[in-house]
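Chemist: Heads up: the sequence lines are chains A and B, in that order.
Here the numbering used here is used: position 160 in the first sequence is 160, and no number is missing along the way.
Start counting at 1 in the second sequence, then tack on 335, and there's your number in the numbering used here.
Number of protein chains: 2
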Amino acid sequence: MTTSSMKDVARTAGVSVGTVSNVLNRPEAVAEETKRRVLAAIAKLGYVRNDSARQLRAGRSRSVAIVVLDVANPFFTDVVRGAEPLVDSAGGVVTVCDSGEDVRREQRQLEILEEQRVLGLLITPVDDSSAERLERLTAHDIPVVLVDRGAGLHPHCSVAVDDVHGGRLAARHLVDRGHHSIAFIGGPMSIPQVRDRLAGCREVSEEAGVGLETFTSVSLNVAGGREAIEQMLRLPQVPTAVFCANDLVALGALQGLTMHGVKVPEECAIVGYDDIDFAAAAAVPLSSIRQPRAQLGRTAAQLLFDEIAEGKGHTHRNVVFQPELVARASTAVEM
Amino acid sequence: MTTSSMKDVARTAGVSVGTVSNVLNRPEAVAEETKRRVLAAIAKLGYVRNDSARQLRAGRSRSVAIVVLDVANPFFTDVVRGAEPLVDSAGGVVTVCDSGEDVRREQRQLEILEEQRVLGLLITPVDDSSAERLERLTAHDIPVVLVDRGAGLHPHCSVAVDDVHGGRLAARHLVDRGHHSIAFIGGPMSIPQVRDRLAGCREVSEEAGVGLETFTSVSLNVAGGREAIEQMLRLPQVPTAVFCANDLVALGALQGLTMHGVKVPEECAIVGYDDIDFAAAAAVPLSSIRQPRAQLGRTAAQLLFDEIAEGKGHTHRNVVFQPELVARASTAVEM
DNA sequence: CGGAATGATTGAATCGTTTCACGTGGGGGT
DNA sequence: ACCCCCACGTGAAACGATTCAATCATTCCG
Numbered sequence: 001m002t003t004s005s006m007k008d009v010a011r012t013a014g015v016s017v018g019t020v021s022n023v024l025n026r027p028e029a030v031a032e033e034t035k036r037r038v039l040a041a042i043a044k045l046g047y048v049r050n051d052s053a054r055q056l057r058a059g060r061s062r063s064v065a066i067v068v069l070d071v072a073n074p075f076f077t078d079v080v081r082g083a084e085p086l087v088d089s090a091g092g093v094v095t096v097c098d099s100g101e102d103v104r105r106e107q108r109q110l111e112i113l114e115e116q117r118v119l120g121l122l123i124t125p126v127d128d129s130s131a132e133r134l135e136r137l138t139a140h141d142i143p144v145v146l147v148d149r150g151a152g153l154h155p156h157c158s159v160a161v162d163d164v165h166g167g168r169l170a171a172r173h174l175v176d177r178g179h180h181s182i183a184f185i186g187g188p189m190s191i192p193q194v195r196d197r198l199a200g201c202r203e204v205s206e207e208a209g210v211g212l213e214t215f216t217s218v219s220l221n222v223a224g225g226r227e228a229i230e231q232m233l234r235l236p237q238v239p240t241a242v243f244c245a246n247d248l249v250a251l252g253a254l255q256g257l258t259m260h261g262v263k264v265p266e267e268c269a270i271v272g273y274d275d276i277d278f279a280a281a282a283a284v285p286l287s288s289i290r291q292p293r294a295q296l297g298r299t300a301a302q303l304l305f306d307e308i309a310e311g312k313g314h315t316h317r318n319v320v321f322q323p324e325l326v327a328r329a330s331t332a333v334e335m
Numbered sequence: 336m337t338t339s340s341m342k343d344v345a346r347t348a349g350v351s352v353g354t355v356s357n358v359l360n361r362p363e364a365v366a367e368e369t370k371r372r373v374l375a376a377i378a379k380l381g382y383v384r385n386d387s388a389r390q391l392r393a394g395r396s397r398s399v400a401i402v403v404l405d406v407a408n409p410f411f412t413d414v415v416r417g418a419e420p421l422v423d424s425a426g427g428v429v430t431v432c433d434s435g436e437d438v439r440r441e442q443r444q445l446e447i448l449e450e451q452r453v454l455g456l457l458i459t460p461v462d463d464s465s466a467e468r469l470e471r472l473t474a475h476d477i478p479v480v481l482v483d484r485g486a487g488l489h490p491h492c493s494v495a496v497d498d499v500h501g502g503r504l505a506a507r508h509l510v511d512r513g514h515h516s517i518a519f520i521g522g523p524m525s526i527p528q529v530r531d532r533l534a535g536c537r538e539v540s541e542e543a544g545v546g547l548e549t550f551t552s553v554s555l556n557v558a559g560g561r562e563a564i565e566q567m568l569r570l571p572q573v574p575t576a577v578f579c580a581n582d583l584v585a586l587g588a589l590q591g592l593t594m595h596g597v598k599v600p601e602e603c604a605i606v607g608y609d610d611i612d613f614a615a616a617a618a619v620p621l622s623s624i625r626q627p628r629a630q631l632g633r634t635a636a637q638l639l640f641d642e643i644a645e646g647k648g649h650t651h652r653n654v655v656f657q658p659e660l661v662a663r664a665s666t667a668v669e670m
């Protein structure tokens, strides 16, 4: 028998289990001498609290789950970083889940998180198909905060960055630089952020009478960007600028273009999205649309705890941040 | 009352809780008709299993924890990625914990994980101070696999890459390129990987009669690299090459050097470590020491499940991979 | 037609905490 | 001397699922 329980501790200390529990949870309510004896017993037996039993009694766990599209994307790790301190100081634990942009994985994870009765959930859903399940979580008293997702659409709190506006900023920047035909790279199109960024871009390009080709990448990562460039370069008339749905795609695009001897920014400009740290450190430092990453995480966690604290009387809040353009070498040439 | 239990399901289906449990866990043992009724009740009530209760009974949870030094470091996310499929297919769940190179945080997380009775633990410990606690976990039947850590030192399974050899490879490469004085950047020195990589580097530099200055960075990230370069550039005689303890530090070093107008690789060469994807995409593509990142994760998970399966009769295995040099532009000049 | 074998379901014990209504004994106030 | 209150402790009842021996029907076979 390697694991000892409260009962064992109680026995060795010559007290009741209730007292052991008190030593652990309300030390001020137990006499010095007794406390000493109990602590000694705990040390001697190497007793460790059983969280399952605790949770069973409490009805909830202490973990706050964050479900992201891609843990390997620095954007998301920065969001997680932003949320962590708050959760920590509230005595919680952060659990990171990677849905990998895969609806089925996401489903499975949500199921498990629900079974675990997590304290709350921050999530960037893959697409709209999880809406139902998320509402169900809320109905089961598990607050959900949507991260980086269009506001107001769902009965949850949310933090988001105005992606349509971000798309506009990118396109406006390229138009100002004199480009007449733009390529948009991103996908899959089921991801709302991708659609929104594209929408903003389209808005500006149409208004300015500039051509817009879209290339759907399989995934929002480096490989996706590289592959999309292959397609693009097969066009009879290759666009002189690409706007990528995120920086990983942009880095992939940069690699693809360089590999084919296309000079960036002279022959083709690039604008990315997120402004992850690596964007500035790229072969050609990337112009990008900056999002307040850590702030997103921090605010999301804050909203979550607010909702928990307010309980039933809570009204959802939807916080929207504005993105900003960071111009670097990858768009440094006038056409 | 928003959450229903087995008892509720049993009542609505007109059966006993034992039967409900059977429907869920051994469906073949219950009659079709009954099963239908129970499933209907489950659907109607929106019943969700309570994992805490399950675990309490089972004595273990289903989660495999991975404790890493820095989630924002692509090296670690790749390791996690490698481990995930295996854990998944074994019906487990991955929990990622970020110790942030902070011993106290690590301690706290280990405590929590022990309380949670996790299935097992993959960990890159911050330093040796957790050895005791880790042994205690093993004693409590929680298998521990050390990731990216010197083999044989501890009573656990481990997967590692030969860091001393990696350091040698880097130094050898720089010596071959004709450098006469090398700077090592990395830290804190309490991290064993840092010490080993430095040791390998020192070995070769001494053997070759080449100068070696070491700069201790506060942390193994971009900022750490940038700051170390500030120090280095104050030297009367600035080294012509730097070997960085990982790629993030190397990227920081690259930024620092560029900011001060030092040309890479003409005036100063750089070798990184890990060969993360971003290394190849950097402003000056980085030479680096490649580690089999995903393989590390995969093997670690495999060892863990082996240990669980073998039980008491298990003997620890220590798998060591060999790193390899990937030469790119950042060392492309002969001195 | 009796008895055994098979199949389906039940009920109660159990996991390890937390919580709360109750003792119990001693000390202070009047 | 009496009463009351306080400070400490106790014991037992939850929490929700799993498991297993026991029960109850059937069916099958000789």
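Beta carbons: idealized from backbone N, C-alpha and C, even for Gly.
Computed from a prediction, not measured in an experiment: that's the story for all the values here.
1) My understanding is that E562/B touches V553/B, with C-beta atoms under 8 angstroms, so please give their C-beta distance in whole angstroms.
2) Which residues, taken in chain order from the segment 598-626 of chain B, show a beta carbon closer than 9 angstroms to some beta carbon of chain A?
3) Identify whether C603/B lies in helix, strand or coil by the three-state DSSP scheme.
4) Starting from the C-beta of V164/A, find all residues in its chain whose C-beta is less than 8 angstroms away, skip the five residues before and the five after it, and write them out in chain order.
5) Distance check for P143/A and A336/A, CA to CA, integer angstroms please.
6) Can you look up R168/A in the DSSP assignment and give me helix, strand or coil?
7) Over the uninterrupted beta strand (DSSP E) stretch that includes N25/A, give me the two end residues.
8) Tell me, please, whether the CB atom of I112/A is closer than 9 angstroms to any CB atom in chain B?
9) Is I338/A helix, strand or coil when you go by DSSP?
10) Let's see if you can read the secondary structure: which residues bound the alpha helix (DSSP H) around S540/B?
11) Determine whether the beta carbon atoms of H514/B and M670/B lie at a separation below 9 angstroms.
12) Quick one, are the C-beta atoms of A618/B and P292/A less than 9 angstroms apart?
13) Of the residues I289/A, D51/A, D162/A, which one's Cα is nearest the Cα of R392/B?
14) With 16 as the cutoff for other CB atoms within 10 Å, does S351/B come out buried or exposed?
15) Which one or two residues does DSSP pair with S287/A in a beta bridge?
16) Which residue comes first and which comes last in the alpha helix (DSSP H) that contains T634/B?
17) Could you spell out the range, first to last residue, of the alpha helix (DSSP H) harbouring G560/B?
18) How close, in whole Å, do the beta carbons of D277/A and R290/A come, if the pair is a contact with beta carbons under 8 angstroms?
19) Any idea if T299/A is buried or exposed, counting beta-carbon neighbours within 10 angstroms, 16 or more meaning buried?
20) Identify whether L113/A lies in helix, strand or coil by the three-state DSSP scheme.
21) Based on the DSSP output, what are the partners of G455/B in its beta bridges?
22) Of the residues K370/B, S424/B, T338/B, which one's Cα is nearest the Cα of V383/B?
23) For the segment 432-466 of chain B, enumerate the residues whose C-beta is nearer than 7 angstroms to any C-beta of chain A, in chain order.
24) Please list the residues of the segment 175-190 of chain A that have a C-beta atom closer than 8 angstroms to any C-beta atom in chain B, keeping them in chain order.
25) Select from F75/A, T240/A, L122/A the residue whose C-alpha is nearest the C-alpha of A370/A.
26) Check each residue of the segment 66-83 of chain A: if its Cβ is closer than 8 angstroms to any Cβ of chain B, include it; give the result in chain order.
27) Tell me whether the segment 37-45 of chain A and the segment 245-262 of chain A touch, counting them as touching only if at least three CB pairs, one residue from each stretch, are closer than 8 angstroms.
28) Straight-line CA distance for Q451/B to S622/B?
29) Assign D386/B to one of three DSSP states: helix, strand, or coil.
30) At which residues does the alpha helix (DSSP H) containing T258/A begin and terminate?
31) Spell out whether any CB of chain B is found under 9 angstroms from the CB atom of N50/A.
32) Should L137/A and R62/A be called a contact, given that it needs their Cβ atoms to be closer than 9 angstroms?
33) Assign A29/A to buried or exposed, taking buried as 16 or more other Cβ atoms, counted over all protein chains shown, within 10 Å of its Cβ.
34) Give the residues from the segment 369-382 of chain B that approach chain A closer than 8 angstroms (Cβ to any Cβ), ordered along the chain.
35) At a CB distance below 8 angstroms, what residues from the segment 133-144 of chain A approach chain B? Give them in sequence order.
36) Report yes or no: is there a C-beta of chain B within less than 9 angstroms of the C-beta of G297/A?
Modeler: Looking at the atomic coordinates:
1) Reading the second sequence from its first residue, position 227 is the one you call residue 562/B. Reading the second sequence from its first residue, position 218 is the one you call residue 553/B. Approximately 7 angstroms separates the beta-carbon atoms of E562/B and V553/B; this is inside 8 angstroms, confirming the contact.
2) Taking 9 angstroms as the Cβ-Cβ cut-off against chain A, the residues of the segment 598-626 of chain B that qualify are D612, F613, A615, A616, A617, A618, V619, P620.
3) In the second sequence, counting from the first residue as 1, residue 603/B sits at position 268. Here C603/B sits in coil by DSSP.
4) Reading the first sequence from its first residue, position 164 is the one you call residue 164/A. Cβ neighbours of V164/A within its own chain (closer than 8 angstroms, five residues either side excluded): D196, R197, A199, G200, E203.
5) An answer regarding residue 336/A cannot be provided, because it is not within the stretch 1 to 335 covered by chain A.
6) Stepping through the first sequence from its first residue, residue 168/A is reached at position 168. DSSP places R168/A in helix when its eight states are reduced to three.
7) What you label residue 25/A is simply residue 25 of the first sequence in a count that begins at 1. Counted as a single uninterrupted DSSP element, the stretch harbouring N25/A is not any beta strand (DSSP E) but the alpha helix (DSSP H) occupying residues 17-25.
8) Within the first sequence, numbered from 1, the residue matching residue 112/A stands at position 112. Against chain B, the CB of I112/A has a partner CB under 9 angstroms away; the residue lies at that interface.
9) Nothing in the structure corresponds to residue 338/A, since chain A is present only between 1 and 335.
10) The residue you call residue 540/B lines up with position 205 of the second sequence. Boundaries of the alpha helix (DSSP H) around S540/B: 527-543.
11) The residue labelled residue 514/B in the question sits at position 179 within the second sequence. The residue labelled residue 670/B in the question sits at position 335 within the second sequence. It is a contact, given that the beta carbons lie within the stated cut-off.
12) Translated into positions along the second sequence, residue 618/B becomes position 283. Translated into positions along the first sequence, residue 292/A becomes position 292. Against a cut-off of 9 angstroms, the Cβ pair of P292/A and A618/B comes out as no contact.
13) Numbered from 1 along the second sequence, position 57 holds the residue referred to as residue 392/B. Comparing Cα-Cα distances from R392/B to each of I289/A, D51/A, D162/A, the minimum goes to D51/A.
14) Within the second sequence, numbered from 1, the residue matching residue 351/B stands at position 16. Residue burial is scored here from C-beta neighbours: S351/B has fewer than 16 other C-beta atoms within 10 angstroms and is therefore classed as exposed.
15) For the purposes of this step, residue 287/A is taken as residue 287 along the first sequence, with counting starting at 1. Bridge partners of S287/A: V271/A.
16) Within the second sequence, residue 634/B is the residue found at index 299, counting from 1. Segment 628-645, the alpha helix (DSSP H) holding T634/B.
17) As a first step, residue 560/B is located in the second sequence; it is residue number 225 there, counting from the start. Where G560/B is concerned, the enclosing alpha helix (DSSP H) stretches over 557-568.
18) The residue you call residue 277/A lines up with position 277 of the first sequence. The residue you call residue 290/A lines up with position 290 of the first sequence. Contact flag wrong, Cβ pair sits at about 11 angstroms.
19) The residue labelled residue 299/A in the question sits at position 299 within the first sequence. Counting Cβ neighbours within 10 Å, T299/A comes out buried, since at least 16 surround it.
20) Here residue 113/A refers to the residue found at position 113 of the first sequence. Here DSSP, grouped into helix, strand and coil, assigns L113/A to helix.
21) Locating residue 455/B in the second sequence gives position 120, where the first residue counts as 1. Beta-bridge partners of G455/B (DSSP): V399/B.
22) Against the second sequence, residue 383/B aligns to sequence position 48. Ranking K370/B, S424/B, T338/B by Cα distance to V383/B puts T338/B first.
23) Result list: I447, E449, E450, Q451, R452.
24) Within the segment 175-190 of chain A, no residue qualifies.
25) Because chain A spans 1 through 335 in this model, residue 370/A falls outside it and cannot be assessed.
26) Of all residues in the segment 66-83 of chain A, V71, A72, P74, T77, D78, V80, R81 have a Cβ within less than 8 angstroms of some Cβ in chain B.
27) Taking 8 angstroms as the limit for Cβ pairs, the verdict is that the segment 245-262 of chain A does not touch the segment 37-45 of chain A.
28) Position 116 of the second sequence, counted from the first residue, corresponds to residue 451/B. Position 287 of the second sequence, counted from the first residue, corresponds to residue 622/B. Cα-Cα distance, rounded: 42 angstroms.
29) Translated into positions along the second sequence, residue 386/B becomes position 51. Helix at D386/B.
30) Position 258 of the first sequence, counted from the start, is the residue given in the question as residue 258/A. In this chain, the alpha helix (DSSP H) harbouring T258/A covers 247-259.
31) On the first sequence, position 50 is the one that residue 50/A refers to. At a cut-off of 9 angstroms, the C-beta of N50/A has a neighbouring C-beta in chain B.
32) In the first sequence, counting from the first residue as 1, residue 137/A sits at position 137. In the first sequence, counting from the first residue as 1, residue 62/A sits at position 62. Taking 9 angstroms as the Cβ cut-off, L137/A and R62/A do not qualify as a contacting pair.
33) One-based indexing of the first sequence puts residue 29/A at position 29. Looking at its Cβ environment, which holds fewer than 16 other Cβ atoms inside 10 Å, A29/A is exposed.
34) Residues passing the 8 angstroms Cβ filter: G381.
35) Per Cβ criterion, the list reads R136, A139, H140, D141.
36) The residue given as residue 297/A occupies position 297 in the first sequence. Put simply, the CB of G297/A is far from chain B, with every gap to its CB atoms at 9 angstroms or more.
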